[in-house]
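Structure, as structure tokens:
2 protein chains.
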Amino acid sequence: MAQQPMYQQIAERLRAQIESGELAPGDQLPTELELRDRYSSSRNTIRDAIKRLTSQGLVETRPGQGTFVTRRIDPFVTVLSGDPRSAGHGDEAVTYLSDVSRSHRDPRVTTPRVEIQVPSAEVFRRLRVSSDTQVVSRHEKCYIDDTPWSLRTSFYPMDFITKGATRLLMAEDIPEGTVRYLAETIGVEQIGYRDWITARVPDTNEQAFFGLAHDATVFEIFRTGFDQAGTPLRVTVTVWPADRNQFIVNVGDHLPDPEYDVNVGGDLPDTAHDDKALSAGQAMQ
Amino acid sequence: MAQQPMYQQIAERLRAQIESGELAPGDQLPTELELRDRYSSSRNTIRDAIKRLTSQGLVETRPGQGTFVTRRIDPFVTVLSGDPRSAGHGDEAVTYLSDVSRSHRDPRVTTPRVEIQVPSAEVFRRLRVSSDTQVVSRHEKCYIDDTPWSLRTSFYPMDFITKGATRLLMAEDIPEGTVRYLAETIGVEQIGYRDWITARVPDTNEQAFFGLAHDATVFEIFRTGFDQAGTPLRVTVTVWPADRNQFIVNVGDHLPDPEYDVNVGGDLPDTAHDDKALSAGQAMQ
DNA sequence: GCAAATTTGTTCGTATGTATT
DNA sequence: CAATACATACGAACAAATTTG
């Protein structure tokens, strides 16, 4: 029976203190030197233990300051199953997990940055243009309450411009939504869309914008809009940090309000994931 | 202009070799001692570099053997937007990214492990039972081609049993599906469901079952089924490793086949995420 | 505004343990 | 059993970021 390495044991003991509430969100952990003395080990072993907690999002370290128990953000909950004929990205309904903070939320989107470019393989496949074709891209940064929320880039075929949808090229918001604008201007109507959901680590830009560690997780959702002929009219790629975003898909009509799922039990759940209870339900046979 | 630390520079150089194909999937990297000599650093610095690549899923190390470029699994693609009246978890359509391997796929589900238990907070809130209520749980392990694919646990209210749906307690598959069984036996019909999508790190059981590192990512999807009265009739929690699973949500009718999104360009895309091309589209202003 | 103290980040060296071939 | 390769652990020194006096 091999015993666990020291740094994992220390990580477990610190984790227990965090999950028991002995170390509350926002609290500073003892310094590395204090922990070294407390656990009679070396500073490097303590650092290995803290790295484990960091990569699981339980703590975050700030150079020159210390290590702190992560304050979890009340997650933003986005409904992906919207109106097939109108929904662009940005038109999604956003719900919140807790009642208390709902009224304080303030979504904000930057003015789009417009580019003519040759898109990535993932995009041109979905837009069904050949790999050396230029397209129009519109890139926006989304915030809620000044917290970086998502990065969104939409791609449109170039011939929408030549057909008259010239406002796609303007670096300004299209208040009525690009879907309606395309319908009114060049008669291209969206009859539905498909979301393709993946997860990966953030690249350097995303780390900087969202303030994420290099080993954090982001959702990357590809939304392809289709017209009457089943032709893609748009591909929107949105990147969302997994530490502050969740998604809902409703299938069928007349479902109860999602918020009803949340607060019925009375108190809010722990902000941390309830690994223990779930593990009990899913223990190996 | 601060220069990057050595271990990050080395990680970048190794990453470049991997993404250029100079180091192909499955290839062994030079040993830590060889890399130490090649980059004139210490073994610990090399190990820090490799840790970065490991946490991003680019390489995996095997004690006693070496470090190898990750072979990416051809992802399993699951459609979440199914038939509102019938879909349980397990009835989803599964698509595959590449044509070549499609015919070789062989999904398999274990015999359910049935328990009477008090569920986690996340579950009892969604099932709308009070926090000390017992429910029936049915837990299954799902494989595709003998690759661990997902862990699924469904929770049903206890009074379904007393009303006559006793097969929920049997540790055996319900071939027609539990949704139809409940409709035929006790007249509880599902009119729709809601999926709630989150991502987190795997717990110890999940690491062991899926063969994941402690800092990998799993999707956790809560599916709540609702009956005619808008009452939850079932909550299914499914855990899917992010390295081998993607999801599709179709909104609107008559969308083209998802597979059409994939192979039109001819060749398959790189198995690695195309960070570069996307970053170019999303660079900071 | 500056210097000192504190705290984490990086890098090296070394030794020993464990897994695999 | 021996050789190889990664894993753990300790110690040390200096760098960089932040706070404090």
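In the order they appear, the protein sequences are chains A and B.
The opening residue of the first sequence carries number 285 in this note's numbering; numbering runs sequentially from there.
The opening residue of the second sequence carries number 285 in this note's numbering; numbering runs sequentially from there.
Cβ coordinates follow ideal geometry from the N, Cα and C atoms, glycine included.
Could you tell me whether the Cβ atoms of F506 of chain B and R410 of chain B are closer together than 7 Å?
In terms of Cβ geometry, F506 of chain B and R410 of chain B form a close pair [threshold 7 Å].
Is the distance from the Cβ of V502 of chain B to the Cβ of D479 of chain A below 7 Å?
Taking 7 Å as the Cβ cut-off, V502 of chain B and D479 of chain A do not qualify as a contacting pair.
Find the nearest neighbour of Q340 of chain B within the set A:R484, A:D416 and A:R436, judged by alpha-carbon distance.
Closest by alpha carbon: A:R484.
Return no unless some Cβ of chain A is closer than 7 Å to the Cβ of G310 of chain B.
Not a single CB atom of chain A sits nearer than 7 Å to the CB of G310 of chain B.
Can you tell me which of the three DSSP states E456 of chain B falls into?
Coil, per DSSP.
Identify whether T351 of chain A lies in helix, strand or coil by the three-state DSSP scheme.
Taken through DSSP and simplified to helix, strand or coil, T351 of chain A comes out as strand.
Since I470 of chain A contacts A449 of chain A with CB under 8 Å, what's their CB separation in whole angstroms?
Contact flag correct, Cβ pair sits at about 5 Å.
Under DSSP, the alpha helix (DSSP H) around K335 of chain A begins and ends at which residues?
For K335 of chain A, the enclosing alpha helix (DSSP H) covers residues R327 to S339.
Within-7 Å CB hit, F444 of chain B to chain A:
Chain A contact via Cβ: absent.
Give the straight-line distance between the Cα atoms of I330 of chain A and F360 of chain A, rounded to the nearest whole angstrom.
For I330 of chain A and F360 of chain A, the distance between alpha carbons rounds to 34 Å.
Using CA atoms only, rank isn't needed, just tell me which of B:G305, B:R320, B:M290 and B:V363 is closest to F531 of chain B.
Per the Cα distances, B:V363.
So, does the CB of Q530 of chain A fall closer than 7 Å to a CB anywhere in chain B?
True, the Cβ-Cβ gap to chain B drops below 7 Å.
Return the first residue and the last residue of the beta strand (DSSP E) that T520 of chain B is part of.
It spans P516 to P525 - the beta strand (DSSP E) in which T520 of chain B sits, taken as one unbroken run.
Output, in chain order, the set of chain A residues within a Cβ distance shorter than 7 Å of P368 of chain B.
Near P368 of chain B (Cβ distances below 7 Å), the residues of chain A are V535 and G536.
For I475 of chain B, which of helix, strand or coil comes out of DSSP?
Judged by DSSP in its simplified three-state form, I475 of chain B adopts strand.
Please check the pair V393 of chain A and E424 of chain A, which I expect to be a contact at CB under 8 Å, by giving their CB distance rounded to whole angstroms.
Right, the Cβ-Cβ distance comes to about 5 Å (below 8 Å), so this counts as a contact.
Residue range of the beta strand (DSSP E) that includes I400 of chain B
Element bounds for I400 of chain B: R397 to Q401.
Using 7 Å as the threshold, is the C-beta distance between L307 of chain B and V353 of chain B below it?
A contact, by the Cβ cut-off of 7 Å.
Is the distance from the Cβ of S414 of chain A to the Cβ of W524 of chain A below 7 Å?
When the beta-carbon positions are compared, S414 of chain A and W524 of chain A stay at least 7 Å from each other.
R356 of chain B touches chain A at which residues, Cβ-Cβ below 7 Å?
One finds nothing in chain A with a Cβ atom closer than 7 Å to the Cβ of R356 of chain B; even the nearest lies about 12 Å away.
Residue range of the beta strand (DSSP E) that D358 of chain A falls in?
Taken as a continuous stretch (DSSP letters only), D358 of chain A belongs to no beta strand (DSSP E), as it is neither H nor E.
Given this structure, state the Cα-to-Cα distance separating E473 of chain B from K447 of chain B, to the nearest angstrom.
As the crow flies, the alpha-carbon of E473 of chain B is around 14 Å from that of K447 of chain B.
Tell me, please, whether the CB atom of W480 of chain A is closer than 7 Å to any CB atom in chain B?
Chain B contact via Cβ: present.
For V384 of chain A and A526 of chain A, I'd like the C-alpha separation in whole angstroms.
The predicted model places V384 of chain A with a pLDDT of 46, which falls under 50 and marks its position as unreliable; any figure quoted below should be read in that light. Looking at the backbone, the Cα of V384 of chain A and that of A526 of chain A are separated by about 22 Å.
For chain B, check one thing: does any of its Cβ atoms lie closer than 7 Å to the Cβ of A483 of chain A?
A Cβ of chain B is located within less than 7 Å of the beta carbon of A483 of chain A.
Element boundaries [alpha helix (DSSP H), containing Y323 of chain A]:
Neither: Y323 of chain A is in no alpha helix (DSSP H) and is coded neither H nor E.
Take R518 of chain A as the anchor and find which of A:I334, A:V419, A:S365 and A:R336 has the nearest alpha-carbon.
Cα-wise, what sits closest to R518 of chain A is A:V419.
Exposure of G536 of chain B, with buried meaning 16 or more beta-carbon neighbours within 10 Å:
By the neighbour-count rule (16 or more Cβ atoms within 10 Å), G536 of chain B is buried.
CA-to-CA distance, A467 of chain B to D511 of chain B, given in whole angstroms
Answer to the nearest angstrom: the Cα atoms are 10 Å apart.
Taking CB distances under 7 Å as the criterion, tell me whether G461 of chain A reaches chain B.
With respect to chain B, the C-beta atom of G461 of chain A has no partner C-beta closer than 7 Å.
Helix, strand or coil: how does DSSP classify S421 of chain B here?
Strand, per DSSP.
With 7 Å set as the bound, which would you pick, yes or no: does the beta-carbon of L337 of chain A sit closer than that to a beta-carbon of chain B?
No, its Cβ sits nowhere closer than 7 Å to a Cβ of chain B.
May I ask which residues mark the beginning and end of the beta strand (DSSP E) holding R299 of chain B?
No beta strand (DSSP E) contains R299 of chain B, which is instead part of the alpha helix (DSSP H) from M290 to S304.
Between P391 of chain A and D429 of chain A, what straight-line distance do the alpha-carbon atoms span, to the nearest angstrom?
Going from the Cα of P391 of chain A to the Cα of D429 of chain A covers about 6 Å.
Interface residues of chain A around Q418 of chain B at Cβ under 7 Å?
Under the 7 Å cutoff, chain A gives no residues; its nearest Cβ is about 12 Å from Q418 of chain B.
Can you list, in chain order, the residues of its chain with a C-beta nearer than 6 Å to that of L319 of chain A? Leave out the 5 residues immediately preceding and following it.
Once the five neighbours on either side are set aside, the close Cβ partners of L319 of chain A are I330.
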